[in-house]
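Step one of this worksheet: look at the structure below.
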Amino acid sequence: MSLSLTVPNRIEEIHKALESVAAWMDSNPESDWARPLALLAVEEIGTNFAKYAHPDGCPGMLSIQLDLNDHTRLEAVFEDLGTPFNPLLHPAPDTGLPLNEREPGGLGIPLLRKWSDGIEYRRIGNTNRLKLWKTRP
Amino acid sequence: MTKLTVTLHKKNLPGGALEAVLQLDGSLDQSGRSTLEEHTSHAIECAPSRVVIEIARLRHIDPTGLDLLHLAVNRLRERHIEALLENIPPKPETVRLVSREINGVTHLSLAGHLDMRGVAVVEKEFRNFFERDGFRVLIDFSTTDLLSSLGIRLLLTAVKSAAARKGRVLFLNPSPAVSSALETAGLGHFIARGADSDIARGMNP
């Protein structure tokens, strides 16, 4: 079972992509365990892409491939031709700061790290390629 | 990528009415537009009182495919034919905010996904609860099944507001996944343990 999406770099398009992922997960009830991570990954990676991949304002596309292998493993691959960005090198926000000093944001990748079994980033030519996976608990 | 195939079945309903079932298989994207339109026309020609579009067998659907489904539904409804999409919630509200007040403590329940789509639905109403001085709010996560970074951002504004307005906010009943997200965000110490009523009593001055 797989879902392929190509999403323009606009926040409203990420909303549409989430609708598609939700509909796809609805049609795969055996993989309900993967639903939160699939939605979270598309939202977090998609939002980063829409906001930062093309700072010049040029249009760009994010390719998303979700696979449910035998309903026992979720694999998500994201590819784009935007600014080189390795999210694994991006520092997590300091959540120990006093509340009045804390700025919102920056928690997407820490959440994905916690929820997935693994995340891998590669820069292949002009392409950012991020892959994450999780096996059914 | 597998091509879209559509099978049309007809069923007699009690009372002599006819139901047409469009069973979709394969991939639904732009390439399936004409196939879906053609079979929707065939279904309309049967003069049914109801058309059910089944998508359980679809292996792939993209945003265009989702739009095509909604176009097909609208086309049927324009002809006063009842149209049902099976196995797909038609653009559901992703989160529901229910509020009640007991002994001066507001109890907010967030049911569903507190993600990008959910935040868009509840943000305005949610923020209202944290704009009064000295507010006391319990946020109940017992029916929250997803918390994304945008959802956490919303919660962070609530706890920051509590610090600024001498208010109090506590989190109740998070699932292990939501609890883990709260811990990751450094908000774990707002999770209250114990019976809801005891916690609410403890919030009163």
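First to last, the protein sequences are chains A and B. Quick note: the first sequence, position 35, residue 42 per this note's numbering, numbers continuous. Quick note: the second sequence, position 154, residue 1241 per this note's numbering, numbers continuous. Cβ coordinates follow ideal geometry from the N, Cα and C atoms, glycine included.
query: Proximal residues of chain B, C-beta to C-beta of residue 38 of chain A below 9 Å; result: Those do not exist, as residue 38 of chain A stays about 13 Å from chain B at its closest Cβ, beyond 9 Å.
query: Chain B within 8 Å of residue 51 of chain A, Cβ atoms only; result: yes
query: Three CB pairs or more closer than 8 Å across the region 1134-1146 of chain B and the region 1162-1171 of chain B; result: yes
query: Host beta strand (DSSP E) of residue 141 of chain A (start-end); result: 134-142
query: Under the three-state DSSP convention, the category residue 61 of chain A falls into; result: coil
query: Nearest to residue 55 of chain A (by Cα), restricted to the options A/97, A/143 and A/29; result: A/97
query: Given residue 1192 of chain B as reference, the closest of B/1288, B/1264, B/1230 and B/1091 once Cα atoms are compared; result: B/1288
query: Residue 1200 of chain B Cβ short of 7 Å to the ligand COA heavy atom set; result: Within the structure as shown, the ligand COA is missing, as the structure has no ligands at all.
query: Among B/1128, B/1255 and B/1283, nearest to residue 1217 of chain B - alpha-carbon criterion; result: B/1255
query: Exposure label - residue 1215 of chain B; buried when at least 16 CB within 10 Å; result: exposed
query: Residue from B/1253, B/1122 and B/1198 with nearest C-alpha to residue 1220 of chain B; result: B/1253
query: Identity of the residues DSSP links to residue 91 of chain A by a beta bridge; result: Note: residue 91 of chain A sits in no beta bridge, so no partner.
query: Cα-Cα separation between residue 1186 of chain B and residue 1230 of chain B, rounded to whole angstroms; result: 14 Å
query: With 16 other Cβ atoms within 10 Å as the buried cut-off, status of residue 71 of chain A; result: buried
query: 8 Å Cβ cutoff met for residue 66 of chain A and residue 15 of chain A; result: yes
query: Members of the region 99-122 of chain A that neighbour chain B once the beta carbon cut-off is set at 7 Å; result: 102, 103, 106, 107, 109, 111, 112, 114, 115, 117, 118 and 121
query: Start-end ranges of the alpha helix (DSSP H) lying completely within the region 1093-1153 of chain B, minimum 4 residues; result: 1120-1132
query: Chain A within 8 Å of residue 1113 of chain B, Cβ atoms only; result: no
query: The region 1110-1117 of chain B in contact with the region 1143-1150 of chain B per 3-pair CB rule at 8 Å; result: yes
query: Closer than 8 Å to chain A by CB, residue 1147 of chain B; result: yes
query: Residue nearest to residue 1117 of chain B in terms of C-alpha spacing, selected from B/1128, B/1108 and B/1152; result: B/1152
query: Residues within the region 65-87 of chain A neighbouring chain B, beta-carbon criterion of under 8 Å; result: none
query: Residue nearest to residue 1269 of chain B in terms of C-alpha spacing, selected from B/1141, B/1239, B/1280 and B/1143; result: B/1239
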